[in-house]
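Using our numbering, read the sequence shown as starting at 42 and increasing by one per residue.
All residues carry an ideal CB built from backbone N, CA and C; glycine is no exception.
Following: one structure in structure tokens, then a few remarks.
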Amino acid sequence: MRVLVTGGAGYIGSHTLVELLSAGHEVCVIDNHANSSPEALVRVAGIAGRDLGSHVLDIRDTAALAAVAQGFRPDAVIHFAGLKAVGEGEENPLAYYEVNVGGTLSLLRAMEAAGCGRIIFSSSATVYGMPQYLPYDEDHPLAPVSVYGRTKRQAEDILRDWAAARGRAGAPAAAILLRYFNPTGAHESGRIGEDPRGEPQNLMPYLAQVATGRRAALRIFGDDWPTPDGTGIRDYIHVVDLARAHVAALERAAQATGTEVYNIGTGRGVSVREMLAAFSRAAGRALPHEIAPRRPGDLAESRAACARAAEVLGWRAEYGLTEMVESLWRWQSANPDGYGG
Ligand code: NAD
Ligand code: WQD
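So this is what it looks like as structure tokens:
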């Protein structure tokens, strides 16, 4: 298929490009590099052994986006582009609504101009909010507790309304909403990976920078949570498994109409202490850490029910914790300054 990929130079986008190219798809990337380096695309082409088209532009520039889409004539779009730092969203909500909600509207307008009715959207487990039960299934009520989470929920609503209206108008559309849990790890080559700007806000990139010596110590945000070891539990998913979920979703989008929602996780919970131990083993030494207060808005536990993706998409996660931490360490140790090094 011909696939337009917004935000393709980012962490999840770059890994997905490798899988798309390896599966024989033609890709065209849109990215303004607000949070990525063009070098990621050079490395993707090197890993896949294939060229890809790319355009540096902002998804909010509807006219430019429509021109690219009309030239490329995609069969489907994978929409990664967006802002994702939870704290930054609280400080600057308008930017988050502009890019994540306004950018999605702009993209749909450009898709209409190019006659494209299939989209796969990067949503997040964060749309669920406080768990009413665990694991979260796709029917769990949506009550996001952050600006970022609300922008994802609003974008989901827009996509659902758009797909329904197109269907009623006799121009069937498919919107596949993938709710990712906690992506981590890197491509096995160690050539591409997560490259956060500034101080990492998430556990895995922070741990990786402690291991290279760039950060002094991991702060564990609370050891008094109602979990077996007192630290927060998450459902970490290897980024290559996540990338392959997009290839499966693309095949599904070619046949489906309307909106479909899938959790993308492993279903297995890992605590901060377990992750610290696993990453220390991969890095070959004990990593400095200290107990710090709980982080505002944090959850004790998050875990996915993954049956729907397995049944309908035929996708399930193949990699475990060892592959996640070893690949992350391979990337971080070979590229201690990310793409800037
Ligand atoms: P990322 O920041 O690495 O990638 C996003 C990409 O979009 C970057 O390359 C950035 O430059 C680009 N971009 C941002 N604003 C843009 C704009 N206005 N126009 C064009 N390009 C723009 O993030 P990621 O971790 O790869 O996440 C990809 C998507 O998945 C995001 O939508 C994110 O919200 C979602 N998501 C991420 C996680 C996670 O933990 N990483 C979890 C759930 C959902
Ligand atoms: C994981 C665990 C922390 C950092 C966030 C966003 C969410 C999603 C993914 C996109 C928790 C603990 C963390 C640290 C720590 N992004 N921790 N010390 O909170 O599940 O989700 O990223 O959609 O929207 O909210 O992931 O990696 O920040 O935290 O102890 O320095 O690690 O308390 O238990 P989270 P995380």
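Inter-residue CB distance, residue i and residue j (contact presumed, cutoff 8 Å)
i, j, result
"residue 66", "residue 284", "About 12 Å; that fails the 8 Å criterion."
"residue 169", "residue 183", "6 Å"
"residue 214", "residue 329", "The pair is not a contact, with the Cβ atoms about 51 Å apart (cut-off 8 Å)."
"residue 358", "residue 274", "The Cβ separation is near 17 Å, so there is no contact."
"residue 106", "residue 161", "That belief does not hold up - the Cβ atoms of residue 106 and residue 161 are roughly 17 Å apart, past 8 Å."
"residue 350", "residue 303", "4 Å"
"residue 69", "residue 94", "4 Å"
Distance CB(residue i)-CB(residue j) smaller than 8 Å
i, j, result
"residue 113", "residue 43", "yes"
"residue 138", "residue 346", "no"
"residue 230", "residue 193", "no"
"residue 286", "residue 219", "yes"
"residue 371", "residue 212", "no"
"residue 271", "residue 264", "yes"
"residue 205", "residue 142", "no"
"residue 293", "residue 354", "yes"
"residue 343", "residue 222", "yes"
"residue 233", "residue 326", "no"
"residue 242", "residue 127", "yes"
"residue 76", "residue 97", "no"
"residue 320", "residue 252", "yes"
Distance between residue j and residue i (C-alpha atoms, nearest Å)
i, j, result
"residue 217", "residue 290", "7 Å"
"residue 54", "residue 46", "8 Å"
"residue 132", "residue 90", "41 Å"
"residue 129", "residue 276", "23 Å"
"residue 109", "residue 119", "15 Å"
"residue 262", "residue 337", "9 Å"
"residue 172", "residue 92", "43 Å"
"residue 368", "residue 151", "37 Å"
"residue 124", "residue 145", "12 Å"
"residue 148", "residue 210", "20 Å"
"residue 208", "residue 281", "33 Å"
"residue 340", "residue 167", "10 Å"
"residue 249", "residue 154", "43 Å"
"residue 235", "residue 111", "31 Å"
"residue 180", "residue 188", "21 Å"
"residue 300", "residue 117", "14 Å"
"residue 58", "residue 256", "30 Å"
"residue 322", "residue 159", "43 Å"
"residue 63", "residue 186", "38 Å"
"residue 334", "residue 268", "16 Å"
"residue 298", "residue 288", "17 Å"
"residue 308", "residue 318", "20 Å"
"residue 29", "residue 82", "Because the chain is modelled from 42 through 382, residue 29 falls outside the range shown and cannot be assessed."
Outcome for residue i when other beta-carbon atoms lying within 10 angstroms are tallied against a minimum of 16
i, result
"residue 60", "buried"
"residue 373", "buried"
"residue 135", "exposed"
"residue 332", "exposed"
"residue 386", "Absent from the structure is residue 386, since the part of the chain shown begins at 42 and ends at 382."
"residue 363", "exposed"
Test: residue i CB closer than 8 Å to a CB of chain B
i, result
"residue 322", "Among the chains in the structure shown there is no chain B, since it carries only a single protein chain."
Any non-hydrogen atom of ligand 4 within 7 Å of residue i CB
i, result
"residue 273", "Absence of ligand 4 is noted for the structure shown, with ligand 1 and ligand 2 being the only ligands found."
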